[in-house]
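Residue numbers for the sequence shown follow my numbering, so the first one is -14 and each next one is one higher.
For each residue, glycine too, the CB sits at the ideal point set by N, CA and C.
A quick note: this is a predicted structure, and the numbers were derived from the prediction, not measured.
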Amino acid sequence: MNNNKAFLGINLDLLENPKYKNLDSRAMMLYALYADRYSASMNNARLGNTAFVDDMGVFIRFTNELAAKVLHVSKQKITDFRKELSDLDLIKVVREGLKGYKIYVYPVQQTPNNVELLLPWKNHTITVQKITSDWTILSKIEFCKNLKLSSQNVDINVSRISESTCSSKNDTSLSHSSLSHVFLNNNGLDNNACAREENEIQPNQSNKNPYHSLPEKIKSSFVDVFGFITKPMAIELHSLISQSNEDMVNYVITSSKGHKVTNAIAYIKAAITNALKRGDK
């Protein structure tokens, strides 16, 4: 089923609340059109566009001709439906000279708790959690270590949801400021008990990270020129070092500084391939 469609929502309280029991279903559709247009006016107002705001609040413009075409009824029917909505305090229509009408849309009253619902549906909320691997966190922390602490123009946010012994239920957020605080206190993560326990619990996993086995000068120069190293990047760097040597890879990285490189690994790989073809080693 293709969900990439536009929908017009009907407030269920229009169907459930006894106050609206005599409201024509087509009038409900008209209200839904007005409410949808009202949302657009509200969004424009939040963005600073006051074209649809006056002393009475946010309003919309929606002609009877357009509403009649959309709902497949006559303009007279739209006039009747609009009166129904106005009588129930769902809208207020104000004429504005030759410009036509301003329509102020009001909220639907909630169905009383003592009313048995015809459609006892519940709202379902889907929570999407973005999980960041421990390896990525370590990589970003390493990147922060190589930043000058006086520089405040980098905002790195690392968020994760884990089941570690330190935080079994709560999210952990590491910001640039909090990381800097840790580094200034102890020049590392020794005082971070949570991080230390995780390292003790998962020593094998850390040792298997290809990032940790990269030569220090490769890590340092890459971070300085391109930024933090992801796991796929680390694997590629190991491969390039094997094809050539550590010094050649480091030379290509450092000589790339100041160039507009969109894909660091592809750039380094191409440079080394060309060098090897020329017989450089």
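Okay, do the region 90 to 104 and the region -2 to 17 touch, 3+ Cβ pairs below 8 Å being the bar?
-> yes
Would you list the residues sitting across from ASP39 in a DSSP beta bridge?
-> Indexing the sequence shown from 1 puts residue 39 at position 54. ASP39 pairs with GLY42.
Is the CB-CB distance between ARG333 and LYS77 below 8 Å?
-> Here the chain covers residues -14 to 266 and nothing more, so residue 333 does not appear.
Fully enclosed by the region 45 to 116, which beta strand (DSSP E) runs are 3 residues long or longer?
-> 76 to 80, 86 to 90
Is ASP9 helix, strand or coil when you go by DSSP?
-> Here residue 9 corresponds to residue number 24 of the sequence shown, with the count starting at 1. If DSSP states are grouped into helix, strand and coil, ASP9 belongs with coil.
ARG22 to THR258, Cα distance in whole Å?
-> Position 37 of the sequence shown, counted from the first residue, corresponds to residue 22. Position 273 of the sequence shown, counted from the first residue, corresponds to residue 258. The alpha-carbon atoms of ARG22 and THR258 are separated by roughly 58 Å.
Beta-carbon proximity check, LEU8 vs GLU69, cutoff 8 Å = For this step, residue 8 is matched to residue 23 along the sequence shown. For this step, residue 69 is matched to residue 84 along the sequence shown. In contact: LEU8 and GLU69 (Cβ atoms closer than 8 Å).
Residues near SER229 in its chain [Cβ-Cβ closer than 6 Å; skip 5 each side] | Within the sequence shown, numbered from 1, the residue matching residue 229 stands at position 244. So the qualifying residues of the chain are ILE257.
Residue closest to GLY264, alpha-carbon to alpha-carbon, out of LYS204, PHE37, ASN28, MET233 | Start at 1 with the first residue of the sequence shown, and residue 264 comes out as number 279. Looking at the Cα atoms, MET233 is the closest of the given residues.
How about THR247: is its C-beta nearer than 8 Å to some C-beta of chain C?
-> No chain C appears in this structure, which consists of one protein chain only.
By how many angstroms is the C-alpha of ILE63 removed from the C-alpha of LYS(-10)?
-> To locate residue -10, count along the sequence shown from 1; it is residue 5. To locate residue 63, count along the sequence shown from 1; it is residue 78. C-alpha separation (whole angstroms): 26 Å.
Inter-residue CB distance, ASN29 and ALA20 (contact presumed, cutoff 8 Å) | The count along the sequence shown starts at 1 and reaches residue 29 at position 44. The count along the sequence shown starts at 1 and reaches residue 20 at position 35. The beta-carbon separation of ASN29 and ALA20, rounded to 15 Å, does not stay under the 8 Å limit for a contact.
Out of curiosity, what's the CA-to-CA distance linking HIS57 and ILE214?
-> In the sequence shown, counting from the first residue as 1, residue 57 sits at position 72. In the sequence shown, counting from the first residue as 1, residue 214 sits at position 229. Distance between the alpha carbons of HIS57 and ILE214: 59 Å.
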